[in-house]
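Enquirer: Here the protein sequences come in this chain order: A and B.
Those letters in the first sequence? Residues 355 to 720, by the numbering used here.
Those letters in the second sequence? Residues 355 to 720, by the numbering used here.
By construction, the Cβ of each residue, glycine as well, lies at the ideal position given by its N, Cα and C atoms.
Protein chains: 2
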Amino acid sequence: MDRRNLLTAAGLGLGAVALAGCKDDSAPAGEASGAPEQRFRWKMVTSWPENFPGLGTTAQRFADTVARLSNGRLSIQVFAAGALVPALEVFDAVSSGTAELGHSAAYYWKGKSAAAPFFTAVPFGMNAQEMNAWLYEGGGLELWQKAYDPLGVVPLPCGNTGVQMAGWFNKEINSLDDLQGLKIRMPGFGGEVLARAGATTVNLPGSEIFTSLQTGVIDASDWVSPYNDLAFGLYQAAKYYYYPGWQEPCAVLELTVNKQKLAELPDDLRAIVIEAARSTNQAMLDEYGRRNAEALHTLVNEHGVQLRRLPDSVLDRLRDISGDVLEETAAMDPLNREVWDSMQAFRERIQAWHALGEKAMYDLRG
Amino acid sequence: MDRRNLLTAAGLGLGAVALAGCKDDSAPAGEASGAPEQRFRWKMVTSWPENFPGLGTTAQRFADTVARLSNGRLSIQVFAAGALVPALEVFDAVSSGTAELGHSAAYYWKGKSAAAPFFTAVPFGMNAQEMNAWLYEGGGLELWQKAYDPLGVVPLPCGNTGVQMAGWFNKEINSLDDLQGLKIRMPGFGGEVLARAGATTVNLPGSEIFTSLQTGVIDASDWVSPYNDLAFGLYQAAKYYYYPGWQEPCAVLELTVNKQKLAELPDDLRAIVIEAARSTNQAMLDEYGRRNAEALHTLVNEHGVQLRRLPDSVLDRLRDISGDVLEETAAMDPLNREVWDSMQAFRERIQAWHALGEKAMYDLRG
Numbered sequence: 355m356d357r358r359n360l361l362t363a364a365g366l367g368l369g370a371v372a373l374a375g376c377k378d379d380s381a382p383a384g385e386a387s388g389a390p391e392q393r394f395r396w397k398m399v400t401s402w403p404e405n406f407p408g409l410g411t412t413a414q415r416f417a418d419t420v421a422r423l424s425n426g427r428l429s430i431q432v433f434a435a436g437a438l439v440p441a442l443e444v445f446d447a448v449s450s451g452t453a454e455l456g457h458s459a460a461y462y463w464k465g466k467s468a469a470a471p472f473f474t475a476v477p478f479g480m481n482a483q484e485m486n487a488w489l490y491e492g493g494g495l496e497l498w499q500k501a502y503d504p505l506g507v508v509p510l511p512c513g514n515t516g517v518q519m520a521g522w523f524n525k526e527i528n529s530l531d532d533l534q535g536l537k538i539r540m541p542g543f544g545g546e547v548l549a550r551a552g553a554t555t556v557n558l559p560g561s562e563i564f565t566s567l568q569t570g571v572i573d574a575s576d577w578v579s580p581y582n583d584l585a586f587g588l589y590q591a592a593k594y595y596y597y598p599g600w601q602e603p604c605a606v607l608e609l610t611v612n613k614q615k616l617a618e619l620p621d622d623l624r625a626i627v628i629e630a631a632r633s634t635n636q637a638m639l640d641e642y643g644r645r646n647a648e649a650l651h652t653l654v655n656e657h658g659v660q661l662r663r664l665p666d667s668v669l670d671r672l673r674d675i676s677g678d679v680l681e682e683t684a685a686m687d688p689l690n691r692e693v694w695d696s697m698q699a700f701r702e703r704i705q706a707w708h709a710l711g712e713k714a715m716y717d718l719r720g
Numbered sequence: 355m356d357r358r359n360l361l362t363a364a365g366l367g368l369g370a371v372a373l374a375g376c377k378d379d380s381a382p383a384g385e386a387s388g389a390p391e392q393r394f395r396w397k398m399v400t401s402w403p404e405n406f407p408g409l410g411t412t413a414q415r416f417a418d419t420v421a422r423l424s425n426g427r428l429s430i431q432v433f434a435a436g437a438l439v440p441a442l443e444v445f446d447a448v449s450s451g452t453a454e455l456g457h458s459a460a461y462y463w464k465g466k467s468a469a470a471p472f473f474t475a476v477p478f479g480m481n482a483q484e485m486n487a488w489l490y491e492g493g494g495l496e497l498w499q500k501a502y503d504p505l506g507v508v509p510l511p512c513g514n515t516g517v518q519m520a521g522w523f524n525k526e527i528n529s530l531d532d533l534q535g536l537k538i539r540m541p542g543f544g545g546e547v548l549a550r551a552g553a554t555t556v557n558l559p560g561s562e563i564f565t566s567l568q569t570g571v572i573d574a575s576d577w578v579s580p581y582n583d584l585a586f587g588l589y590q591a592a593k594y595y596y597y598p599g600w601q602e603p604c605a606v607l608e609l610t611v612n613k614q615k616l617a618e619l620p621d622d623l624r625a626i627v628i629e630a631a632r633s634t635n636q637a638m639l640d641e642y643g644r645r646n647a648e649a650l651h652t653l654v655n656e657h658g659v660q661l662r663r664l665p666d667s668v669l670d671r672l673r674d675i676s677g678d679v680l681e682e683t684a685a686m687d688p689l690n691r692e693v694w695d696s697m698q699a700f701r702e703r704i705q706a707w708h709a710l711g712e713k714a715m716y717d718l719r720g
């Protein structure tokens, strides 16, 4: 498939049913489909608190961008988690059409689509630059759309945190022994890996992390990275700030669109939704680069946060277990297999290039 | 300045003169400025051969994206180098209004704006992810716009190659001695640095590199990275393929827009130009990630290309000289000083974050 044709109904795999009533995509640009004055008022539900830095603000940026590009013909009202539906019901709301759009993360929908977690973050996996290349150039986005298509939802990347941190700890981790019985909050693949390594993993909402750390209910927790972690004040509840963020070398944020509603848009508004997602995808990564840099400086220089690196013995074990978990997940479902094989093949090639390129430059410069 | 307001005439620094006749930016979205049927047919001149992979194709992608988003209201005709104006006259064409748009690289315009080379690539400097963060979040884009404003041109990032390679060599470089008298094609800051290190640098157009290498007129040349280098067949003209690309840790591609023409657009079309540049900025980096990975595999496995790493003794010397060249360039002009200080301050902070983040992940994974 020519991946640039994701902008067409056919390219989005919208199929014959959806095309009924839609303009023929082969007609030349310049002929508006639908009445020029037709205006759309859409709802976007999100998994984030109101205007949450980086996450909620990125959802809002997408909405604002679409309004500007469409001259108001497509206006989007953004709902924080719980305002229209709870955080973990965003996918269902979009699937059913309760909301036309959602902004969330794919790894919440493991129960709806077994392959979904691959599209957010893979332990020891690809970073933001590599994930974007796989999604847009390596067949990744087509596979993601294939995963959601039976549920009537179209996904698009719409933000990325970049590399995360391994988390906040009240116990030092000097060896694998220190993981045994460690009570740690970590969701997704990462939590599964830690559990197999001997830790006791829990999955708490972000809002409960601070108190649980402070009261000792948990010994440790991940959250995101300096920007969001500073905002939660986690340095007041935990002693050590560990890196590297092995469990999330990046985290892709997800825009979901109701497939039928997307098909019913005039061509230019559909193009606006797709392109605004892509520019927003970059905008969030830019923001996180700047904000993480500033927040790290604050954490270390104003709050005396103690940085620690996880020992190689621990990282090696986590890497091995991650390989097992990912391979078992791939074996669960033919589509999972397709996704994991595609990711691994792409990653192998781009890693060999980055060894001479991006990585070699970090080695050279620091 | 709220950097998100680059979408407004005021945010773009278009000023009072440009606003004459423009819609008031404070009016709510939804009120079209200008007649809805007003259509624009713009010209884009570029520094690239017709449909040149990655470079010319990126210019075309931008034009196609704008046409789709605007429903044909803003159509852009793309001209290869020489078709309307020569490659190195793109800036003047946009400045004078001969063409409304240009797609090129800022480091060609050193003679017009002393700070321009900073906005393409800095030896031992920031990579693509860091440059994007500096440009969009760290004040970089405002400084770039300040540099070009007296010439009536507005710049926007519109593509990035990612890290490049150090070049194709017919002599091995094992020590600083091997640089003495080496005849090498390399433009920009990199060429200046090599010259001070003892090499004889020349600046040839891309189209002359192959023959010059093959006939021994030059001993070595940079070009870009595996994707574009494979297309030029350079492996047939040189023995060794050196890395890391110290001279261009990334290369920002530049969209230039005639300031008056940009101001005269209706708000939504101006927003489309700006946002399409941003999504295209990411699209090119995605493409280069994938294509470089594939091309490197081909070069090594099908053409037996010999990869070599420049020795640390050479890289250390090039790094020292680069520092001198950049500092001297900064001292030439108050705006240069502002740009270089801004870059260094931003880079220091983001480098400290990436040491725990992106770099730490490359160290962990490979």
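Run the CB neighbour count on Trp707(A), radius 10 Å, all protein chains shown included, and call it buried at 16 or more, exposed below.
Expert: Along the first sequence, read from residue 1 onward, the residue named residue 707(A) stands at position 353. Answer is buried; the Cβ neighbour count reaches 16.
Enquirer: Distance check for Ile572(A) and Ser579(A), CA to CA, integer angstroms please.
Expert: Sequence index remark: in the first sequence, residue 579(A) carries index 225 (1-based). Sequence index remark: in the first sequence, residue 572(A) carries index 218 (1-based). Between Ser579(A) and Ile572(A), the C-alpha separation is close to 19 Å.
Enquirer: Measuring CA to CA, which of Thr554(B), Asp418(B) and Gln431(B) is closest to Thr400(B)?
Expert: The residue given as residue 400(B) occupies position 46 in the second sequence. Comparing Cα-Cα distances from Thr400(B) to each of Thr554(B), Asp418(B) and Gln431(B), the minimum goes to Gln431(B).
Enquirer: Compute the Euclidean distance between the alpha carbons of Gly711(B) and Arg393(B), then round it to the nearest angstrom.
Expert: Within the second sequence, numbered from 1, the residue matching residue 711(B) stands at position 357. Within the second sequence, numbered from 1, the residue matching residue 393(B) stands at position 39. Roughly 47 Å between the two C-alpha positions.
Enquirer: Along chain B, in chain order, which residues have C-beta atoms closer than 7 Å to that of Glu641(A)?
Expert: Stepping through the first sequence from its first residue, residue 641(A) is reached at position 287. Result: Glu491.
Enquirer: Taking Met480(B) as the reference, which of Leu661(B), Arg663(B), Leu669(B) and Ala605(B) has the closest Cα?
Expert: Reading the second sequence from its first residue, position 126 is the one you call residue 480(B). Of the listed residues, the one whose Cα sits closest to Met480(B) is Ala605(B).
Enquirer: Where does Ile430(A) sit, in a helix, a strand or coil, going by DSSP?
Expert: Mapped onto the first sequence, residue 430(A) falls at position 76. Of the three classes helix, strand and coil, the one that applies to Ile430(A) here is strand, per DSSP.
Enquirer: Counting pairs of beta carbons, one from the segment 577-597 of chain B and one from the segment 458-470 of chain B, are three or more of them closer than 8 Å?
Expert: Judged by Cβ distances under 8 Å, the segment 577-597 of chain B makes no contact with the segment 458-470 of chain B, as fewer than three pairs qualify.
Enquirer: What residues in its chain sit with their C-beta under 6 Å from that of Gly552(A), if we drop five residues either side in the sequence?
Expert: As a first step, residue 552(A) must be located in the first sequence, where it is residue number 198. Leu533 and Gln534.
Enquirer: Using a beta-carbon distance cut-off of less than 8 Å, what residues from the segment 612-630 of chain A approach chain B?
Expert: Result list: Pro620, Asp621, Asp622, Ala625, Ile626, Glu629 and Ala630.
Enquirer: Do Ser575(B) and Leu567(B) count as a contact pair if the criterion is CB distance below 8 Å?
Expert: Taking the second sequence and counting its residues from 1, one reaches residue 567(B) at position 213. Taking the second sequence and counting its residues from 1, one reaches residue 575(B) at position 221. Result yes, Cβ atoms of Leu567(B) and Ser575(B) sit closer than 8 Å.
Enquirer: Just checking: is the beta-carbon of Leu533(B) within a distance shorter than 8 Å of some beta-carbon in chain A?
Expert: Residue 533(B) sits at position 179 when you count from the first residue of the second sequence. Taking Cβ atoms only, chain A never reaches closer than 8 Å to Leu533(B), which makes this a no.
Enquirer: Within 10 angstroms of its Cβ, does Asn655(A) collect 16 or more other Cβ (buried), or is it exposed?
Expert: Translated into the one-based positions of the first sequence, residue 655(A) becomes position 301. Counting Cβ neighbours within 10 Å, Asn655(A) comes out exposed, since fewer than 16 surround it.
Enquirer: Beta-carbon within less than 6 Å of Phe700(B)'s beta-carbon, same chain only, minus the 5 sequence neighbours each way: which residues are those?
Expert: Within the second sequence, numbered from 1, the residue matching residue 700(B) stands at position 346. Trp488 and Gly492.
Enquirer: Whole alpha helix (DSSP H) runs in the segment 603-642 of chain B with 4 or more residues, listed along the chain?
Expert: List check, alpha helix (DSSP H) in window: 613-618.
Enquirer: Give me the chain E residues within the contact set of Glu484(A), using Cβ-Cβ distance strictly less than 7 Å, ordered along the chain.
Expert: Absent from the structure: chain E. Protein chains present are A and B.
Enquirer: What residues in its chain sit with their C-beta under 6 Å from that of Leu661(B), if we drop five residues either side in the sequence?
Expert: In the second sequence, residue 661(B) corresponds to position 307, counting from 1. Excluding residues within five positions, the ones whose Cβ falls inside 6 Å are Tyr595.
Enquirer: From the beta carbon of Ser424(B), is the nearest beta carbon of chain A less than 8 Å away?
Expert: The count along the second sequence starts at 1 and reaches residue 424(B) at position 70. Yes, its Cβ sits closer than 8 Å to a Cβ of chain A.
Enquirer: In chain order, which beta strand (DSSP E) runs of at least 3 residues are fully inside the segment 524-548 of chain A?
Expert: The segment 524-548 of chain A contains these whole beta strand (DSSP E) runs: 537-539.
Enquirer: Output needed for Val371(B): all residues of its chain with C-beta closer than 8 Å, excluding positions within five of it in sequence on either side, in chain order.
Expert: As a first step, residue 371(B) must be located in the second sequence, where it is residue number 17. Residue confidence for Val371(B) is low, a pLDDT of 35 falling below 50, so the modelled location carries little weight; the figure read from the coordinates is stated next. None.
Enquirer: In this structure, how does DSSP classify Pro511(A) when only helix, strand and coil are distinguished?
Expert: Here residue 511(A) corresponds to residue number 157 of the first sequence, with the count starting at 1. Of the three classes helix, strand and coil, the one that applies to Pro511(A) here is strand, per DSSP.
Enquirer: Measuring only between beta-carbons, confirm whether Ser529(A) sits less than 8 Å from chain B.
Expert: By one-based count along the first sequence, residue 529(A) stands at place 175. Chain B, which has no Cβ nearer than 8 Å to the Cβ of Ser529(A), makes this no.
Enquirer: In chain B, what lies closer than 8 Å to Val578(A) by C-beta?
Expert: Residue numbering aside, residue 578(A) sits at position 224 when the first sequence is read from its first letter. The premise fails here: Val578(A) is roughly 11 Å from chain B at the closest Cβ pair, so nothing lies under 8 Å.
Enquirer: Name the one or two DSSP bridge partners that Ser575(B) has.
Expert: Taking the first residue of the second sequence as position 1, residue 575(B) is located at position 221. Bridge partners of Ser575(B): Trp522(B) and Arg539(B).
Enquirer: May I ask you to list the residues that DSSP assigns as paired with Ser458(B)?
Expert: Within the second sequence, the letter at position 104 stands for residue 458(B). Per DSSP, Glu608(B).
Enquirer: So if I threshold CB-CB distances at 8 Å, which residues from the segment 649-667 of chain B count as touching chain A?
Expert: Answer set for the segment 649-667 of chain B: Leu650, His651, Leu661 and Arg663.
Enquirer: Got a sec: is the Cβ-Cβ distance from Tyr502(B) to anything in chain A below 8 Å?
Expert: Taking the second sequence and counting its residues from 1, one reaches residue 502(B) at position 148. Cβ-Cβ to chain A under 8 Å: no for Tyr502(B).
Enquirer: Hey, Ile723(A) and Thr555(A) are a contact pair by Cβ (cut 8 Å); roughly how many whole angstroms apart?
Expert: Examination of residue 723(A) is not possible in this model, given that chain A is present from 355 through 720 alone.
Enquirer: Of the choices Ala685(A), Leu438(A), Glu484(A) and Met398(A), whose alpha-carbon is the least far from that of Met721(A)?
Expert: Because chain A in this structure spans residues 355 to 720, residue 721(A) falls outside the shown range and cannot be described.
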